[in-house]
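*Asks:*
Chains as they are written, first to last, in the numbering used here: chain D, 5 to 309; chain H, 5 to 309.
1. Give the secondary structure of residue 281 of chain H by DSSP, where H, G and I count as helix, E and B as strand, and everything else as coil.
2. Contact check, residue 163 of chain H vs residue 133 of chain H under 8 Å by CB: the rounded distance?
3. According to a CB-to-CB cut-off of less than 8 Å, which residues of the segment 177–188 of chain D neighbour chain H?
4. Within 10 Å of its beta-carbon, does residue 141 of chain H have 16 or more other beta-carbons around it, so buried, or fewer, so exposed?
5. Using 8 Å as the threshold, is the C-beta distance between residue 104 of chain H and residue 125 of chain H below it?
6. Could you check the C-alpha separation between residue 217 of chain H and residue 308 of chain H for me, to the nearest Å?
7. Is the shortest distance between the beta-carbon of residue 196 of chain H and the beta-carbons of chain D less than 8 Å?
8. Between which residues of its own chain and residue 274 of chain D is the CB-CB distance below 8 Å, once the five residues before and five after are set aside?
9. Just reading off the alpha helix (DSSP H) that residue 151 of chain D is part of, what are its end residues?
10. If the cut-off is 8 Å on Cβ atoms, which residues from the segment 237–271 of chain H count as contacting chain D, listed in chain order?
11. Out of D:32, D:34, D:15, point me to the one whose CA is closest to residue 26 of chain D's CA.
12. Under a CB-based cut-off of 8 Å, is residue 232 of chain H close to chain D?
13. To test your reading of the DSSP string, which unbroken alpha helix (DSSP H) runs of 4 or more residues are found completely within the segment 21–104 of chain D?
14. Comparing C-alpha positions only, which one of H:8, H:210, H:22, H:39 sits nearest to residue 289 of chain H?
15. Assuming the contact rule is C-beta atoms closer than 8 Å, residue 154 of chain D and residue 181 of chain D should be a hit. Round their C-beta distance to whole Å, please.
16. Report yes if the CB atom of residue 92 of chain D is closer than 8 Å to the CB atom of residue 223 of chain D, and no otherwise.
17. Can you check which of these residues, D:69, D:110, D:115, D:68, is closest to residue 76 of chain D by C-alpha distance?
18. Excluding five sequence neighbours on each side, which residues of the same chain lie with their C-beta closer than 6 Å to the C-beta of residue 266 of chain H?
19. Within 10 Å of its beta-carbon, does residue 174 of chain D have 16 or more other beta-carbons around it, so buried, or fewer, so exposed?
20. Return the CA-CA distance between residue 207 of chain H and residue 262 of chain D, expressed in angstroms with no decimal places.
21. Is it the case that the Cβ atoms of residue 171 of chain D and residue 199 of chain D are separated by a distance below 8 Å?
22. For a contact meaning CB atoms closer than 7 Å, what does residue 171 of chain D contact in chain H?
23. Nearest chain D C-beta to residue 306 of chain H closer than 8 Å, yes or no?
24. Alpha carbon to alpha carbon, how far is residue 213 of chain D from residue 260 of chain D?
25. Counting only beta-carbon separations shorter than 8 Å, does residue 150 of chain D have a partner in chain H?
26. Considering only C-alpha positions, which residue in the set D:152, D:279, D:227, D:169 is nearest to residue 36 of chain D?
27. Tell me, please, whether the CB atom of residue 215 of chain D is closer than 8 Å to any CB atom in chain H?
28. Strictly by DSSP, which residues pair up with residue 8 of chain D?
29. Let me know if residue 29 of chain D comes out buried or exposed under the rule of 16 or more other beta-carbons within 10 Å of its beta-carbon.
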């Protein structure tokens, strides 16, 4: 069943201890869509400028991503530049040019509206909300957010996530949103805000899933070389929603559903780990479903006892 | 089969956001022994002063710990005082009085020498080495160390761990010892130094086990309240060695052995998590084996997918 992905399609300048690229395809929507495309029909809603490169469009189209909702407007694509610390645990944003993204008003094509799965990348909460309202027949909707919206747009964010089925968020943001340091108590508070399924991403330490039926802990995948972590969180989101869409997951599945949610978290972790192996989305040029499933099975091997 | 535990028996002054105790039983040997005592016959080698409290001796004796190797000398017990940060991720040492511990020269009672399991708490590497040499018929020997020995006693430490079967170490210390940030590569380097089994403790994020047959990742247990993390790492060590001793684990067990090592890591995590629930070793006053096994099964529930 199909997934609609809404968010940024951008260009990034990235410097890691392994090297530097001045301009490479990026944006939450890009990473989510590329990852979800291994599991389900994926449709994107985003905006690009007239500098959007044909070969980048081809990367998405080559993965079967539906680009009908990719709006093209005069001007330049969203551009973001960052540099990572030596251990890659921190990054500093050097430049953020919103460009055409400043006027982004996501319009859902008629052919997308009855898609059962919706995932909202990190954009202004009011926009996320307007997208949600343009859809009908949703089985599962949710998304991501970030510290900026939590701090300065709190009411708007709370009104938005109230109707979400799931929220994906990193640990420091979860603590900020809940106003609570303890992860378990923070999770309980956030679930009272609306999303009955909560995934807290913990970077190299894995992820924690909370749902009505309990919780699930996934370790991080140990890579011998983290080349570039840009997009890993969004790839996690894409693997998560992609797998659930492939399975036709439904919130009403109860206990069986909880196991599927855990597997979705592992697929999320798998996609996030592959993303780190090359600069930007380069790993997706060669990544196969067989490689993804093999790494999923590896997770079984190193977590079973 | 019995375990010999060598290390400090001390008094601690502890301040956490939940309160403060001026003087409570502590020391690596204490925590390791209390934890191991749920699984196997446990014998300690340590030194205390004439201020060692009868009721603290009773806590150990009450858990069946063999105190024949507990040397009593004139003077005061090792005393250590610390204060934890608000989020309890950092602690500051306020005072370290070695007292009788300054002259600690561990002597293994004849009745201990043929014990098959030996675990060396964090003490000077040369002392750890001398203990190892006093034992005969060991099946499994190893222990813990810390940044101080890694930095200032590197050669002595390397000579000591060369003959160890296992090393337990936290993640920042593993990186320091290996001179390598990436955890997987750091693990490979450390295993070349001697210990063919390596457990890297990651605090609230769990633990990673490396052995000849691959690796295993254990998540941390999510507590709703971390009351006092003092001793958690040592309790991990005690649960780990205790379980292996209970099973009569032998390095030559190969693949079956690898699964037992994983279970030992989970038992270590279980004991470490219980330790955090009360000040100092207070949780051990009521903790039962049934509670330990119940939490072990909980780990299964929240890691299976």
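Even glycine gets a Cβ: it sits at the ideal position worked out from N, Cα and C. Computed from a prediction, not measured in an experiment: that's the story for all the values here.
*Replies:* Reading from the atomic positions:
1. coil
2. 7 Å
3. 185, 186, 187, 188
4. exposed
5. no
6. 21 Å
7. no
8. 225, 243, 296, 299, 300, 303
9. 151–156
10. 263, 266, 267, 269, 270
11. D:15
12. no
13. 32–40, 58–66
14. H:39
15. 5 Å
16. no
17. D:110
18. 220
19. buried
20. 27 Å
21. yes
22. Those do not exist, as residue 171 of chain D stays about 18 Å from chain H at its closest Cβ, beyond 7 Å.
23. yes
24. 15 Å
25. no
26. D:279
27. no
28. D:47, D:122
29. buried
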